[in-house]
Amino acid sequence: MSQNVKKSKPDPQRDGIRFCVLFALFTVLIFAALYVAEKRLVVPLNRHLAWMAEKCLWLVGVPASSTGPVVSMASFAVEIKNNCNAIYEIGLYAAAVWAYPASVRDHLRGTVMGAVVLYGVNLLRILTLLALGLLAPAWFGPTHLYAWQLIFLLVVAVCWLGWIARVRPGG
Amino acid sequence: MGVSLLWAVGAPVYATGLATIGRALIPFLESAPGTRYTVEGGNVMAHRPVWLPKQQRMAPLVQPLWSASANYGVPLLAALILATPGWSTGRRWRALGIGLGLLTITQVAFLFVYIVATQQSPVMSPEGPIQLPGFSPVKQPIFYWLFYFFEITGRGFFALLVYLGLVALTWRPRGPAAAAPAGRNAPCPCGSGLKYKRCCGA
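Protein chains in written order, with the working numbering: chain A, 719 to 889; chain B, 41 to 242.
What follows is the structure in structure tokens.
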């Protein structure tokens with residue numbers, strides 16, 4: 719009886735180190751899987767995002783077209799490349815979720831909800847970058863390369879913190 | 041925002057530190073004799089002399105190795121630590137020190153990978169693509185993969201690994217496990233090793 723109580727006592731340092739090791743391992747495995755499945759998964763996702771961006775632009779009354787991974791407007795076009803489609807960030811987030819101790823149901827729920835949020839944020843990123851490219855082309859580069867990359871990783875961290883706030887032991 | 045501005049000011053100093061480490065690694069990693077590393081703004085550049093066989097002469101080749109503007113891990117980590125709610129000032133500073141120290145180790149690894157990876161790909165010269173002296177058919181696929189990993193996932197991954205690791209290490213369970221002990225000077229039940237009044241009871 720007393721042994722059971724000892725075993726269930728939380729040890730933040732042991733759990734924290736276990737989390738770091740699993741997070742690193744899962745990240746490398748997910749990255750390797752995406753690297754191998756680039757043509758089957760990553761490239762079709764780029765085309766899908768271009769198509770979605772085109773439909774969103776039509777919804778707000780902006781004429782646009784998409785060909786493969788390229789979205790074109792009157793005087794501006796962008797190509798959605800492999801690291802612009804959120805799949806690697808979703809992979810990072812999923813690695814962090816699955817590395818943290820929780821039930822399979824919580825892991826699945828956290829992964830799906832985070833992936834949906836990150837997909838939505840990425841679509842917003844593409845749309846804002848398209849708008850910037852059309853209205854303020856000088857801001858396109860810095861916003862694309864620095865601002866959105868930072869914001870996106872902050873969103874990953876916030877999603878994960880939000881998820882563990884729900885599933886943490888004793889919560 | 042403030043952290044980004046601080047980074048813009050401090051990045052050249054940080055890049056100089058990395059370039060100094062890079063220079064120390066030259067004998068182990070660099071295969072082009074006479075290579076030197078310089079810092080230009082927040083960028084570490086390799087100046088590699090390459091042999092042009094048709095012209096029968098050496099020509100300087102400048103290759104970017106590390107760029108502060110593209111490596112936003114440091115400001116990202118600092119911003120996350122400073123914005124984390126519920127941490128005392130002392131814990132925040134400790135986390136900042138430990139976190140940035142660990143992240144700097146990953147930046148050195150970044151530089152290590154770039155020094156080797158940039159020797160594995162052909163470079164353009166007036167005579168067309170040429171291979172640098174450090175090329176190895178064994179190293180090439182390994183360092184190409186590592187380069188790709190660092191380029192696409194690494195920048196955010198290492199900052200998040202350090203930050204989420206710090207959060208996981210200091211996460212305090214709620215409920216009975218974190219209940220107050222008999223005295224405020226007793227060890228904290230969360231297992232941090234600190235007194236309760238300096239930890240969960242603060």
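Backbone N, C-alpha and C define an ideal beta-carbon position, used for all residues, glycine too.
Quantities reported herein were computed from a predicted structural model and do not represent experimental measurements.
Any C-beta of chain A under 8 Å from that of residue 112 (chain B): yes
message: If I measure Cβ to Cβ from residue 100 (chain B) and keep anything under 7 Å in the same chain, skipping five residues before and after, which residues do I get?
response: 87, 89
- request: Starting from the beta carbon of residue 144 (chain B), find every residue of chain A whose beta carbon is closer than 9 Å, and list them in chain order.
  value: The contacting residues do not exist; residue 144 (chain B) stays about 17 Å from chain A at best.
message: If you reduce the DSSP assignment to three classes, tell me which class residue 884 (chain A) lands in.
response: helix
Neighbouring residues, chain B, relative to residue 747 (chain A) (Cβ below 7 Å): Per Cβ cutoff of 7 Å: no residues; residue 747 (chain A) is ~12 Å from chain B at best.
Interface residues of chain A facing residue 48 (chain B) [CB-CB closer than 7 Å]: Simply none; closest approach about 10 Å.
task: Name the residue from A:757, A:760, A:752, A:886 whose alpha carbon lies nearest to the alpha carbon of residue 824 (chain A).
output: A:886
message: Applying the 10 Å Cβ sphere with the 16-neighbour rule, what's the burial state of residue 167 (chain B)?
response: exposed
query: Does residue 701 (chain A) come within less than 8 Å of chain B when only Cβ atoms are used?
result: Lying outside 719 to 889, the shown extent of chain A, residue 701 (chain A) is not represented and no answer is given.
field: Endpoints, alpha helix (DSSP H) assigned at residue 855 (chain A)
entry: 855-860
query: Should residue 784 (chain A) go down as buried or exposed, given a rule of 16 or more other Cβ atoms within 10 Å for buried?
result: buried
task: Give the secondary structure of residue 90 (chain B) by DSSP, where H, G and I count as helix, E and B as strand, and everything else as coil.
output: strand
- prompt: Just the Cα atoms here: how many angstroms apart are residue 775 (chain A) and residue 857 (chain A)?
  reply: 20 Å
message: Suppose you measure from the CA of residue 153 (chain B) to the CA of residue 183 (chain B); what does that come to, to the nearest Å?
response: 7 Å
task: Could you please give the first and the last residue of the uninterrupted beta strand (DSSP E) stretch that includes residue 98 (chain B)?
output: 97-107
- prompt: Among all the DSSP beta bridges, which residues are the ones paired with residue 83 (chain B)?
  reply: B:80, B:107
query: Per DSSP, residue 235 (chain B) forms a beta bridge with which residues?
result: B:227
message: So with CB distances below 8 Å, who are the chain A contacts of residue 193 (chain B)?
response: 745, 749, 806, 809, 810
query: Between the C-alpha atoms of residue 853 (chain A) and residue 112 (chain B), what's the straight-line distance to the nearest angstrom?
result: 26 Å
message: Does residue 145 (chain B) pass the burial test, meaning 16 or more other C-beta atoms within 10 Å, or should it be called exposed?
response: exposed
task: Give a yes or no on whether 8 Å exceeds the smallest Cβ distance from residue 199 (chain B) to chain A.
output: yes
message: Taking 8 Å as the threshold (beta carbon to beta carbon), is residue 720 (chain A) in contact with chain B?
response: Per-residue confidence for residue 720 (chain A) stands at a pLDDT of 45, beneath the threshold of 50, marking its modelled position as unreliable; the derived number appears in the next sentence. Output row for residue 720 (chain A): interface = no.
Member of B:194, B:159, B:163 whose CA lies at the smallest distance from the CA of residue 73 (chain B): B:159
field: Chain-ordered chain B contacts of residue 764 (chain A) [CB-CB under 7 Å]
entry: Those do not exist, as residue 764 (chain A) stays about 14 Å from chain B at its closest Cβ, beyond 7 Å.
query: What separation, rounded to the nearest whole angstrom, lies between the Cα atoms of residue 818 (chain A) and residue 781 (chain A)?
result: 45 Å
query: Is it true that the CB of residue 836 (chain A) sits closer than 8 Å to the CB of residue 877 (chain A)?
result: yes
query: With respect to 7 Å, is the separation between the Cβ of residue 151 (chain B) and the closest non-hydrogen atom of the ligand ADP below this value?
result: Here there are no bound small molecules, and the ligand ADP is not part of this structure.
- prompt: In the segment 160-186 of chain B, which residue ranges form an unbroken beta strand (DSSP E) of at least 3 residues, counting only runs that do not cross its ends?
  reply: 163-165, 168-170
- request: Return the CA-CA distance between residue 226 (chain B) and residue 128 (chain B), expressed in angstroms with no decimal places.
  value: 19 Å
message: Between residue 840 (chain A) and chain B, is any beta-carbon pair separated by less than 8 Å?
response: no
message: When you compare the CB positions of residue 199 (chain B) and residue 116 (chain B), do they come within less than 8 Å of one another, or not?
response: yes
message: Give me the residue from A:741, A:844, A:883 with the minimum Cα distance to residue 795 (chain A).
response: A:844
field: Neighbourhood of residue 759 (chain A) by C-beta distance below 8 Å, restricted to the same chain and skipping five residues each side
entry: 752, 805
query: When you compare each of B:75, B:107, B:68, B:61 to residue 52 (chain B) by their alpha carbons, which one comes out closest?
result: B:107
Whether residue 155 (chain B) touches residue 69 (chain B) by CB criterion (8 Å): yes
field: Three-way DSSP call (helix, strand, coil) for residue 797 (chain A) in this model
entry: strand
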